[in-house]
Each structure stands twice: as C-alpha cells, then as structure tokens.
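Numbering (the working numbering), first residue to last: 167 to 646.
Built from N, CA and C at the ideal position, the CB exists for glycine as well.
None of these values were measured; they are calculated from a predicted model.
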C-alpha cells in the first residue's frame with residue numbers, strides 16, 4: 167500500500183503520457199498493419215491455390231493475422247488498464263490533498279500523514295479559543311485517510327495484476343486476454359481466485375469419487391464441468407489431486423483408469439462418464455498454453471513432462487500396492503484414453519444412416535500441439551525400443567483396441583494444426599512411420615473384424631488424424 171506521503175506527492179504525469187503513447191501505438195498497429203493482415207487472410211481464405219506451398223502459406227497468413235489481432239487486443243488492454251489506474255490514482259490523490267489541506271477543526275495533518283492536535287490539550291492556555299478535536303473525530307479522519315489509501319492501493323494492485331495476466335504464459339507471442347479497464351481486471355482476478363478454490367475442492371471430491379453420496383457427486387460434477395476450461399481451476403485440481411495414496415501426475419493416471427473402468431462395481435454410469443470427460447477437459451486445459459504447468463510458449467513444463475514419463479515408466483511400486491502404476495502400454499493407454507474422452511459415448515452404428523463415427527468426438531476437449539507431439543514421440547520411442555511392447559495383443563483383434571496410439575490419434579484429429587505439423591513429411595518421418603514402418607497391434611487380423619469394430623481401431627483413428635491434418639478441419643465437421 168502506498169504511504170500517505172507517496173500518494174500525496176506522486177507525480178502522475180508519466181502515467182498519463184504512457185496512456186497517450188499506448189493510444190498512438192494502437193493506431194499504428196491497426197493501420198496499416200492489422201488491416202493489411204486481415205486483407206491477406208481474407209484473400210488466402212478465398213484463394214483456390216493448392217499444394218504444399220499453399221498449405222504452408224495459408225497457415226502462416228492465418229497465424230500472422232491472429233498475432234496482429236492479439237497485439238491490438240493486448241495494446242488496448244494495457245492502455246485501458248493504465249488509463250483507469252491513472253484516473254483512480256488522480257481521484258485518490260485529489261481527495262487526499264483536499265483532506266490534507268482541509269483538516270477538521272483542531273487537527274493538523276503532517277506531510278507524512280501523522281495526525282495531531284493543532285494545540286495539544288496539555289499546552290492550551292486558559293483563554294484559547296482553538297477547537298479541541300475529540301478522539302472520535304481523530305478516528306473518523308484516520309478511517310477516511312486509510313480508505314483513500316486503500317482505493318489507491320487497490321488500483322495499483324489490480325493494474326499490476328492485469329498487466330501480468332496479459333503476458334502470463336505468453337513468452338513468445340501475444341495473448342488474447344481482453345481487459346477494458348480496472349473493473350474487468352477486478353472481475354477476472356476474483357473469478358481466478360474462485361476457480362482456484364473450486365479446483366482444490368474438486369480435487370478432494372475426486373479423491374473419494376467412489377464413496378461420494380448423491381449430493382457430493384452432484385457438487386463434483388458441477389465443479390468439474392464448469393471449471394474444466396479454466397486454467398486456475400485445472401491447475402489447482404491437478405496439483406492438489408490425491409488418489410490411492412499417490413499425488414498429482416500419478417493420481418491423474420490412477421483416477422483416469424478407475425473412472426474409465428467404472429470404479430468398484432465395474433459399471434460406468436452416466437455420471438461417471440461425465441466426470442471422466444470433465445477430467446479430460448481439465449487435463450487439456452492444465453497441459454495447454456495458458457497454464458503454468460502445461461505448455462506455455464509451446465514448450466512442455468516439468469509437470470507435464472513428469473505426467474508423460476510416469477505413464478511410460480510407471481512409479482516402481484509393487485503391483486499389489488493400490489497406487490501401483492506399471493507403465494508401458496497399459497498406462498500409456500490410460501493417458502491417451504483420457505485424452506480421447508470416449509468413455510461412455512454411444513457406439514457408432516453403421517446401419518444407422520444418421521449415425522457418424524465422429525459423433526463421439528463432438529464437444530471433446532482439444533489438447534495443445536506441444537502436448538500431443540510429446541505424447542506421440544514418447545509412445546513411438548517406447549514401442550520402437552521394446553520388442554515385446556505389445557505382447558499378448560499383437561496378433562489378435564484386441565490389439566486394435568488396446569493400442570495407446572488409438573487415443574492419441576483421436577485427440578490429434580481434434581487439433582488439425584497439430585496433426586498437420588506432426589505428419590508433415592518435410593519436417594518429420596512420422597507419416598512414413600505410421601504408414602510403412604509401424605507394426606500395428608492386431609493389424610494382421612483387422613481385415614477380418616466386423617465393420618463396427620474396425621471403426622474403433624487405432625488405424626481408423628489414424629485415418630481421422632490424417633484427414634484433419636490434410637484438410638485443416640476436424641473429421642465430420644461442416645465444409646467451409
């Protein structure tokens with residue numbers, strides 16, 4: 167909090183100048199830069215140019231146009247925060263100066279904010295006509311001055327919080343957070359605080375999800391579904407989660423496996439499926455670019471790296487331990503199944519003309535490119551380094567369903583840009599690996615499987631991911 171003297175003597179001119187300079191900057195960003203970027207994107211969208219160069223150029227133009235748009239949004243937000251803060255500081259300073267220059271009768275205010283009797287009662291002459299201030303008047307004045315300082319302090323804190331929020335987790339690009347002033351920052355900070363509290367509450371409820379009563383289960387469902395898109399909620403959920411005596415990353419994997427299998431009774435209820443899908447959404451948000459434990463700046467964090475390596479390597483506990491994680495194919499599948507978020511979805515019926523194999527993916531969460539790529543690279547490295555990676559399912563139909571690549575490729579199909587980059591033959595050999603080199607679990611018998619089972623195989627999900635990468639849209643989505 168600023169001191170009395172700091173606010174009384176603060177020079178607010180530089181802040182006003184900063185507001186003017188940011189306004190000028192916004193004008194330069196909008197014209198001609200943003201206008202030109204929008205025009206380029208419009209032409210690129212309407213063009214019939216095809217081929218490799220067209221794909222690369224269109225993607226670059228789209229990203230560039232978005233960056234200019236985000237730059238304008240960020241600059242306007244900075245300007246509006248500073249403008250509001252300046253106005254609030256000026257108002258508080260004016261009120262403080264007025265109080266300083268016009269104290270109640272009998273009271274003097276020193277430049278450092280100390281209050282005193284104008285003439286101390288012990289030193290008053292008998293014939294003095296100077297008013298004697300009461301203790302109540304002193305308390306009232308102290309409260310008034312403290313209130314003014316608190317107003318200035320709140321403006322300072324909210325402006326600083328808002329400025330940090332604009333660049334948080336965006337070290338290499340512009341964010342799209344939009345603040346129209348201090349009031350927006352205040353609402354956003356309060357919402358972030360509440361979502362963080364909700365995330366911690368949800369973590370406690372998820373920890374005993376199998377034993378919740380109906381009211382608690384409904385509370386968890388409400389928290390999980392309403393908070394899954396909030397970085398604050400998702401971070402707090404993931405970092406405070408404990409299940410079967412294991413914490414954070416291990417708890418996520420154990421909980422995902424338990425929810426997917428229906429818990430103690432082995433029956434996946436509608437509520438269980440919704441809790442599972444909400445957990446998937448929270449994982450997507452927590453491992454995304456707007457999360458400090460996710461992929462800020464397009465780079466996986468230590469938290470996210472540990473989640474993936476734990477799925478690959480396990481936790482080393484004896485398998486009889488309730489918190490044991492074996493790693494390998496089974497746990498990698500637990501992770502990628504959670505990413506696919508298909509548990510409890512209605513199965514595709516090829517005989518139903520209104521049914522689509524992509525119905526199950528509608529509304530499912532979108533994972534970040536950095537996270538998808540890291541998971542894909544980890545599974546590929548693991549399976550190529552292990553000759554017995556899929557022992558037991560390699561030669562039968564179960565392999566087509568137990569393949570951990572299945573869930574990953576499903577999630578990849580919901581992020582077309584990530585799929586385009588992951589399978590780009592000019593920068594990686596992933597396309598060749600999946601089409602030519604990989605030995606698919608169950609691949610030898612897949613042609614003999616029923617059509618409805620083929621639709622749920624890992625190779626069917628590869629087709630969806632490749633379609634997304636080639637067309638730039640999710641399979642089953644409307645053509646533009």
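Of the residues 439, 321, 272, the one placed nearest residue 375, counting alpha carbons only: 439
Just to check my reading of the structure: residue 450 and residue 408 have Cβ atoms closer than 8 Å, yes? What is that Cβ distance to the nearest angstrom? Not confirmed; about 21 Å, so no contact.
Rounded to a whole number of angstroms, what is the C-alpha to C-alpha distance between residue 582 and residue 597? 15 Å
In the DSSP assignment, what residue or residues form a beta bridge with residue 283? 273
Grab me the residues of residue 618's own chain with a C-beta within less than 8 Å of its C-beta, minus the 5 sequence neighbours each way, in chain order. 513, 514, 515, 516
Quick check: what's the CA-CA separation for residue 610 versus residue 560? 9 Å
State the Cα-Cα distance for the pair residue 552 and residue 545, rounded to the nearest angstrom. 11 Å
Determine the DSSP secondary structure at residue 413, reduced to helix, strand or coil. strand
Quick check on the burial criterion: 16 or more other C-beta atoms within 10 angstroms. Buried or exposed for residue 549? Residue 549 is buried by the Cβ-count criterion.
For residue 459 versus residue 404, is the C-beta distance shorter than 8 Å? yes
Which partner residues does residue 408 have in the DSSP bridge list? 413
The region 621-635 / the region 554-569 touching (three or more Cβ pairs under 8 Å): yes
Between the region 374-389 and the region 456-476, can you find at least three pairs of beta-carbon atoms closer than 8 Å? Three or more Cβ pairs closer than 8 Å define a contact, and the region 456-476 falls short of that threshold against the region 374-389.
Take residue 454 and list the residues in its own chain whose beta-carbon comes closer than 6 Å to its own, dropping the five residues that flank it on each side. 460, 534
Can you tell me which of 495, 452, 196 puts its alpha carbon nearest to the alpha carbon of residue 237? Considering only alpha carbons, the answer is 196.
Can you tell me whether residue 490 is helix, strand or coil according to DSSP? coil
Rounded distance between the beta-carbons of residue 540 and residue 579, thought under 8 Å: The Cβ separation is near 17 Å, so there is no contact.
Is residue 615 helix, strand or coil by DSSP? coil
Assigned secondary structure, residue 333 (DSSP; H/G/I helix, E/B strand, else coil): It is helical.
Assign residue 245 to one of two classes, buried (16 or more other C-beta atoms within 10 Å of its C-beta) or exposed (fewer than that). buried
Which of the three DSSP states, helix, strand or coil, is assigned to residue 455? Residue 455 falls in the coil class under three-state DSSP.
Give me, in chain order, the residues of the same chain whose beta-carbon lies closer than 6 Å to that of residue 364; leave out the 5 immediate sequence neighbours on both sides. 389, 393, 399
Coil, strand or helix - residue 176 by DSSP: Reduced to three states, the DSSP call for residue 176 is coil.
Tell me whether residue 519 sits in a helix, a strand or coil according to DSSP, three-state version. coil
Beta-carbon proximity check, residue 434 vs residue 325, cutoff 8 Å: no
Residue 571 by DSSP, collapsed to three states: which one? helix
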